[in-house]
Amino acid sequence: MVFGLIIPFLFSSPAVHGYDLVRDYSGNSFFDGWDFYGHYDNLTLGDVWWLNRDDAFSQGLAYVNNARNVILKVDNTHDVPFNQKRNSIRITTQDAYAVGSLWIMDAVHMPFGCSVWPAFWTKGTGEWPDTGEIDIMEAINLMSNNQMSLHTLPGCTHSTPPNQLGTSAELDCSQAAGCVVSETQPNSYGPAFAAAGGGVFAAQFDVSGIYMWFWSRPNIPPSITGATSTSGIDISQWGPPSASYPSTTCNITQFFSPQTLVLDITLCGIWAGLPVQYQPTCGQNGPTGICYNDNVVGAGSRYNDAFFEIKYIRAYTTGGPVPTPTGAAVAFATLPVMTTTSAARPPADTQLRPSPLFYPGNGASRKSVSFGGVMASVMGLYTFSKRKSLRTMMKQTLVLLVTLATCIMAVPIMESDLEKAGGPRGRPGSLLGLGTDVSGSRPRSVTPARRSQEEGMDGAAVLAGRAEEGDINFAGCLLGLC
Ligand SMILES: *[C@@H]1O[C@H](CO)[C@@H](O)[C@H](O)[C@H]1NC(C)=O
Ligand SMILES: *[C@@H]1O[C@H](CO)[C@@H](O)[C@H](O)[C@H]1NC(C)=O
73 MVFGLIIPFL FSSPAVHGYD LVRDYSGNSF FDGWDFYGHY DNLTLGDVWW LNRDDAFSQG
133 LAYVNNARNV ILKVDNTHDV PFNQKRNSIR ITTQDAYAVG SLWIMDAVHM PFGCSVWPAF
193 WTKGTGEWPD TGEIDIMEAI NLMSNNQMSL HTLPGCTHST PPNQLGTSAE LDCSQAAGCV
253 VSETQPNSYG PAFAAAGGGV FAAQFDVSGI YMWFWSRPNI PPSITGATST SGIDISQWGP
313 PSASYPSTTC NITQFFSPQT LVLDITLCGI WAGLPVQYQP TCGQNGPTGI CYNDNVVGAG
373 SRYNDAFFEI KYIRAYTTGG PVPTPTGAAV AFATLPVMTT TSAARPPADT QLRPSPLFYP
433 GNGASRKSVS FGGVMASVMG LYTFSKRKSL RTMMKQTLVL LVTLATCIMA VPIMESDLEK
493 AGGPRGRPGS LLGLGTDVSG SRPRSVTPAR RSQEEGMDGA AVLAGRAEEG DINFAGCLLG
553 LC
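Here this note's numbering is used: the first residue of the sequence shown is 73, the next is one more, and so on.
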C-alpha cells in the first residue's frame, strides 16, 4: 500500500524507495556548505539583521554545541533600542538539488515564541516564485502545529489527495500563502516539539510529486534512526506523508528548478507581525500590542527559545528506478542530480522590496516634514469641523493636497535615510510593515494594492501605540488625510 502513497495511482511504473546520500550537513563541517545572508530582512520584512558568517560566529548566533548539534539563534543577550533591528541568522546551501532529491532534517529544538518566525524551506535557483519554493517547516508566534506549503507561478494546484495526514487549506500554490497544509500530528512545533525531544522532517522532491513527512522523536521510523552520515535510505516503510502534492495537478519539472535549502529566523514581518496574526495570541504580551514594540525592542531574554538545534540535515538522490510518467520527465530526472552553484550563486529572493515606511535614525529633513504634516493635520481637522460651505470645502481640498504632497515628499527622504543607516555593522531602523492579510496566511509578494493597504495599517499602528518623534510625521499625514 505504501507503493501507492509514493507514486500516485496514475503511474504504473515502480516506485522509488532507495535513495543514495549526496551530502550530510552536521557537526563541525555543517556550516561549510552554507552561505550567510549578511543583510537585514528585506524579503519577509521582519525586524532582524541576518548576520554575515564572521559576525554570526563571533556573536555566537551560529555554532556547534557540546552535543555536536548545530545552533542557529536570535540574539538573546543584547538590549535592542527602539528603531533598531535584532540580529538573527539566515543561511542558504551553496548546492542546489534537482528533482529526484530527498531531504531529511533531524532537530531537537525549533525557534518559537511571540514574534518568532522560523522556517526550513527550499527555494529555486532563479526568480521567485518562477522557480518554486517548498516550505517544509514554518510557523509563527504561539502556533502549535507546523505548516507546509508550496509557492509557484499560476498553474500548480493542490488536489487534496486522500493519502495525506495533514489538513489542506489553500489549494492554489500561486496564492500569497501558497498551497498550505497544516500538520495534524502532535508535537510538530513549539514547546511540545522540544519536550518530545524534537523530531524529523523529510521532503521528497520527485517528478511524481512533492511529499513531506514529520515524525515526533518517539515515532521516527527505523530506516531513519538506523541511517548514518554515509548510508543510503529506504523510504518504503514511511507511511502516508503529512503533505502530499501529486504532479497530477502540478507539473513538478515545470514549476520547480533545482532547489537550495534555507534555514532562517525572522521576527514580526509580513506574517508573524500582521495584527490579524499577532494580536489574537500575542497581543497581550506587552503594553502596545504591536509585535515590534513589545518583543524586538528591549531585553533579549524573551528570545531564549528562539533557536534551532539541529542534529543533521541530509540530502539524498534516487538510487533506484526513476519514476517515469512522461518521456520528458525521464530525461529531466536523469540529469545530474546535484548542481554546484558556488561558482554562479543563485540570486537572492527578489520579490519584496522594503516598504518605504521606515523609521531610520534622526534626520533634520524628516523633522521639517513632520512639522509640515502636523500643521496640515491641524488645519485639516479645523476645516473638517467647520465644513459648511463650498468655500470651506475648497479650503479643505487645498489642505488635503498640501498634506498629500507632504506625505509624498516624506517617502524619498526616509528611503535615503535608510541607505545612510545601513553601514557595515549598522542596523537600520525598524520596519513596521504591519498590514492586514485577509487570507489569514503569510503573503510572499506585495502587490501595489496590498502595499497601500499595508501603509494604511502602518499609519494606524503608529497612531495606536507609538509616540516616537518620527511617528509624528505619519500621524500628521494620516490626520491630515482625515
Ligand atoms: C511538464 O513540464 C515539462 C517541462 O516544462 C514538460 O516538458 C512536460 O511536457 C510537462 N508534462 C506534462 C505532463 O505536461
Ligand atoms: C536584499 O538585499 C540584498 C543584499 O543587499 C540584495 O542583493 C537584494 O537585491 C535585496 N533584495 C530585495 C528584494 O531588496
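The beta carbon of each residue, even a glycine, is placed where N, CA and C say it ideally should be.
Only a predicted model underlies this, so the values are computations on that prediction, with no experimental measurement involved.
Practice task
For asparagine 159, verify whether its CB is less than 6 Å away from any heavy atom of ligand 2.
Solution key: no
Problem - Contact check, isoleucine 143 vs phenylalanine 108, beta carbons under 7 Å - result: no
Handout entry: Cβ separation of asparagine 218 and tyrosine 261, assumed to be a contact under 8 Å, to the nearest whole Å
Key = 5 Å
Exercise for the section: Can you say whether glycine 281 is buried or exposed, counting buried as having 16 or more other CB atoms within 10 angstroms of its CB? Expected result: buried
Exercise for the section: Would you check whether ligand 1 has a heavy atom nearer than 6 Å to the C-beta of threonine 224? Expected result: no
Handout entry: Span separating the alpha-carbon of aspartate 92 from that of threonine 302
Key = 9 Å
Practice task
May I ask which residues mark the beginning and end of the beta strand (DSSP E) holding glutamine 219?
Solution key: 219 to 223
Problem - Separation of alanine 275 from alanine 299, as counted between CA atoms - result: 16 Å
Handout entry: Three CB pairs or more closer than 8 Å across the stretch 166 to 177 and the stretch 124 to 135
Key = no
Exercise for the section: Tell whether a beta-carbon distance below 7 Å holds between valine 348 and aspartate 119. Expected result: no
Exercise for the section: Check whether the Cβ of asparagine 114 sits closer than 6 Å to any heavy atom of ligand 2, and report yes or no. Expected result: yes
Exercise for the section: Go through its chain and collect everything with a Cβ distance to arginine 289's Cβ below 6 Å, but skip five positions before and after it. Expected result: Ala268, Gly269, Gly270 and Gly271
Problem - Among Thr297, Gly361, Val253 and Pro233, nearest to threonine 321 - alpha-carbon criterion - result: Pro233
Practice task
Using a Cβ cut-off of 7 Å (strictly closer), state whether aspartate 127 contacts chain C.
Solution key: Of the protein chains in the structure, only one exists, and it is not chain C.
Handout entry: Neighbourhood of serine 231 by C-beta distance below 7 Å, restricted to the same chain and skipping five residues each side
Key = Pro318, Thr320 and Thr321
Exercise for the section: Return the CA-CA distance between isoleucine 342 and alanine 248, expressed in angstroms with no decimal places. Expected result: 11 Å
Exercise for the section: Tell me whether threonine 557 is buried or exposed, calling it buried when 16 or more other Cβ atoms sit within 10 Å of its Cβ. Expected result: The displayed coordinates of the chain run from 73 to 554. Any statement about residue 557 would go beyond what the structure contains.
Practice task
Could you round the C-beta distance between glycine 204 and serine 329 to whole angstroms and report it? I think they count as a contact, below 8 Å.
Solution key: 7 Å
Problem - tryptophan 200 to proline 226 span [Cα, whole Å] - result: 12 Å
Problem - Own chain, CB closer than 7 Å to serine 240, minus 5 neighbours either side, in chain order - result: His230, Thr232 and Val253
Problem - Any beta strand (DSSP E) of 3 or more consecutive residues that is wholly inside the stretch 138 to 220 - result: 142 to 145, 158 to 160, 162 to 165, 167 to 169, 173 to 181, 188 to 196 and 205 to 210
Problem - Top-ranked residue by Cα proximity to threonine 389, from Asp104, Asn100 and Leu174 - result: Leu174
Exercise for the section: Inspect the beta-carbon positions of aspartate 151 and alanine 371 and report whether they are closer than 7 Å. Expected result: yes
Exercise for the section: For the beta strand (DSSP E) containing serine 130, list its first residue and its last residue. Expected result: That residue, serine 130, is in no beta strand (DSSP E); its alpha helix (DSSP H) goes 125 to 130.
Exercise for the section: Label proline 190 either buried or exposed according to how many other C-beta atoms from any shown protein chain fall within 10 Å of its C-beta, with 16 as the threshold for buried. Expected result: buried
Exercise for the section: Express the C-alpha separation of valine 180 and serine 246 in angstroms, rounding to a whole number. Expected result: 32 Å
Practice task
Could you give the DSSP three-state label for aspartate 113: helix, strand or coil?
Solution key: coil
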